[in-house]
Structures are given as structure tokens and as C-alpha cells.
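Residue numbers for the sequence shown follow the numbering used here, beginning at 4 and rising by one. Where is the CB? At the ideal position from N, CA and C, for every residue including glycine. These numbers were taken from a predicted model, which means no experiment stands behind them.
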Amino acid sequence: MTYLEKIERKGKTYYYITKNFRVIGKKWKKIRKYVGDMPPSKEQTKKAVREIEEEAIKKGFMKPVSKHSYLADDEAEKLQDLKEVFNKWYGKLSSVGKKKYENDFVVRFTYNSNAIEGNRLSLRETSMILTENIIPAGATPNDYNEAINSKDCYEFMKEYGGEFNQKFLLKIHELLTKNTNCKIIGSYRNHDVRISGSDWVPPSHEKVKEAMRKVLQWYYSAKKKMHTVELGAILHNKLVRIHPFADGNGRTSRVVMNWILMKSKFPMFYVELRDKIKYYEAIEEGDKGNDEAIVHYIAKVLMEQHTFKSQKEIK
């Protein structure tokens, strides 16, 4: 809180611009700037506030103001560097190298995204299906088709040149869930749902279409001012919160998030099965109104998965 403080000393009046900062729990620190013996002008006040905030940042009482909605400026700079290094590295790959890189990504994305939702195929079995056309012994039709569907969906989104809209979203869901245990494919759910292990209750099925209309409205407004990572991460959370489909909500949301990254030439990523708890915790923070958590989580995972210091060209 910033305010004008007037202090009397030995018959004289001194004016200060003062701001309080919460540091730990209930502890506060005060920083004040002297502005003279007369009430300050607007320009004097603005200058004092800037100086106070600069001092507060140096002392660690507040974070630097960022031009982004959720990302700090240094995070955004690192992501931009990552984007440039990735595209430079990818651009140098041979056509065979690019194909190998994409195949490896699709296998790892498919395995982890499906495993998070209960698919029982191992990473090796997923690779056998997607790269060797071999059906592993004991693989169920549902597990097998979920793997095949993921690759089909990747090929579709790679070629898709349009915008995010309802038709695109329903097509992604259809591709991911066809020939599986999902009962309603490529359409919104017609019944209410609960999310296993979560306190969050998605809207009733009667409200899904209106909720999705608002998401689309938000998207077209947000894409003009948000960083790509912020846009993708928060859209992911909005979709998961609504849970518009009978099944496949998480998989669909993760594909859409990656499509947004790809569209802006950022590398895509996958949430590892072993990181499932941290991923769910970031989603649950969004349920509480804190979408900042998923943004920082996705930014962190992106930077961890795409460190090219020791990366060698795939030949």
C-alpha cells in the first residue's frame, strides 16, 4: 500500500511517500522517500514510488514488474533464447534427422500423456507400435488404439493451418478417442462428471457449451497480449476445469497446449509420468484461481527438456 505520510518535527512539516511490503507472514517492512516540506505533485509522487519499488526489488521485498501477465521478464527471455536455439538446431538437421526427432517426440509424448490417464503400455511397447508396427503381446485394443490415435492426432495438428476454434477442438478429441472406451467421441459430454482425486467440480453438462463459448472468447482476446507459454498453459487449465468431454480431457488439453507452442515455433514438450503429482498440483492451483502456477510449471519443464548444450545432431 502506498500513501502520503506527513511528519511534524520542531514545528516543521515534512512529507514522505511511503509504501509497506509484506516480507514474511505477518511481518512488514516500510520504505519511505522524502518529497519536501510541501505536498508533492503527481510527478514527484510517481518518481518517489519508482525509487521505492527499485529499492524494494534490490532488498527482495517485491519481484520486478514484468511486461507479461504471469512470466517474469527473465523467464520470458530464457524461453525466447530456448526458442531461437531450438529452431537453429532443428533447422540444421537432415530430413532423416528431423524424422527421427519427431518420431522420438511422438513416442515419448504418447507414452507419458496416455500413461498419466491409465494406459498400461510401456515406453518400449509404445515405440514398438508407433515405429515398428508391432503389436506387443498382452496389449489391449484400447491401449493400442490410444497409442495409434496419438500419432494420427500429431500428424493432423502438424498440418493444421487454421485457428483455435470449436471445430478444431472437437476434431482433436475425435482423433484421440476413436475406437477406444470413450463413449462420446468428438462431441461435448451429455452428463455430469467428477474428477477423480480432485475437489474441483466441473460445470454441469447443460453449461458446457456456454462455458466453452467463453473460453473461445477469452482466447481471441488473450492471444493478442499474452506470451505463447502463458496462453497455452492457461488455455490448458481452462479446458481441464470445464472437462467438456466424457473422457480424454487431459490428453486433448495437452495436445492443444502443444499445438499453440508449435504454432509460434516453440518446441513441444511432454509431462513425464513420474512428474504427474507436480503437474496435478499446478492444475489444482488453477482450480483455486492461481493460473500462475501452471505457467511457471510449463516454462520450467520446457527449459528442462530442451537444453541443447550437450545435444548432438541426429543423423
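Taking DSSP as the reference, what is the three-state secondary structure of residue i?
i    : result
S7   : A small correction: the amino acid at residue 7 is Leu; Ser does not occupy that position in the sequence shown. Three-state DSSP puts L7 in a strand.
Y19  : strand
Y114 : helix
Y37  : strand
W31  : strand
F272 : coil
V196 : coil
F248 : coil
V211 : helix
H299 : helix
R127 : helix
P304 : At residue 304 the sequence reads Val, which differs from the Pro that was named. If DSSP states are grouped into helix, strand and coil, V304 belongs with the helices.
V109 : helix
V26  : strand
I317 : Per-residue confidence for I317 stands at a pLDDT of 40, beneath the threshold of 50, marking its modelled position as unreliable; the derived number appears in the next sentence. Three-state result, I317: coil.
Taking the Cβ atom as the reference point for each residue, do residue i and residue j lie within a distance shorter than 8 Å?
i    : j    : result
I34  : E58  : yes
Y299 : F248 : According to the sequence displayed, residue 299 carries His and not Tyr. No, they are not a contact pair.
L133 : V99  : no
K241 : V218 : yes
S72  : M306 : no
V243 : S256 : yes
L74  : A302 : yes
H246 : V259 : no
L276 : N145 : no
G289 : E120 : no
F112 : M65  : no
F167 : Y222 : yes
D250 : C185 : yes
Y190 : L173 : Note that residue 190 is Ser in the sequence shown here, rather than Tyr. Going by C-beta atoms, S190 is nearer than 8 Å to L173.
D40  : K61  : no
I20  : P43  : yes
L126 : A142 : no
N90  : K266 : no
Hey, does residue i have any beta-carbon neighbour from chain B nearer than 8 Å?
i    : result
K186 : The question asks about chain B, but that chain is absent: this structure has only one protein chain.
So residue i is in the alpha helix (DSSP H); what residue range does that whole segment cover?
i    : result
K174 : 169-180
W262 : 252-266
G235 : 231-245
I151 : 144-162
A140 : Here A140 belongs to no alpha helix (DSSP H), and DSSP marks it neither H nor E.
E58  : 45-62
A79  : 76-94
D290 : 279-290
What do you get for residue i, buried or exposed, if any count of 16 or more other CB atoms within 10 angstroms of its CB means buried?
i    : result
M271 : buried
K154 : buried
A369 : The chain is shown only over 4 to 318; residue 369 falls outside these bounds and no answer can be derived.
T310 : exposed
Y12  : Residue identity differs from the one stated: residue 12 is Arg in this sequence, not Tyr. Looking at its Cβ environment, which holds fewer than 16 other Cβ atoms inside 10 Å, R12 is exposed.
S130 : buried
Y37  : exposed
P205 : buried
M4   : exposed
I273 : Rather than Ile, the amino acid found at residue 273 in this sequence is Tyr. Answer is buried; the Cβ neighbour count reaches 16.
K49  : exposed
S97  : exposed
D2   : Given a span of 4 to 318 for the chain in the structure shown, any question on residue 2 remains unanswerable.
K318 : Because K318 sits at a pLDDT of 39, beneath the cut-off of 50, its placement in the model cannot be relied upon, and the following sentence gives the value as read from the coordinates. K318 is exposed by the Cβ-count criterion.
M160 : buried
L7   : exposed
E128 : buried
E78  : buried
I10  : exposed
Y17  : exposed
K210 : exposed
I263 : buried
I280 : exposed
I138 : exposed
Quiz item: Between the region 74-83 and the region 47-64, are three or more C-beta pairs nearer than 8 Å?
Solution: Not touching, per the Cβ criterion.
Practice problem: Could you say if the region 227-241 and the region 292-301 meet the contact criterion of at least three C-beta pairs nearer than 8 Å? | Solution: yes
Quiz item: Does the region 190-198 come within contact of the region 149-166, defined as at least 3 CB pairs closer than 8 Å?
Solution: The region 190-198 makes no contact with the region 149-166: fewer than 3 CB pairs, one atom from each, lie closer than 8 Å.
Quiz item: Should the region 145-153 be regarded as contacting the region 269-285, the criterion being three or more beta carbon pairs within less than 8 Å?
Solution: no
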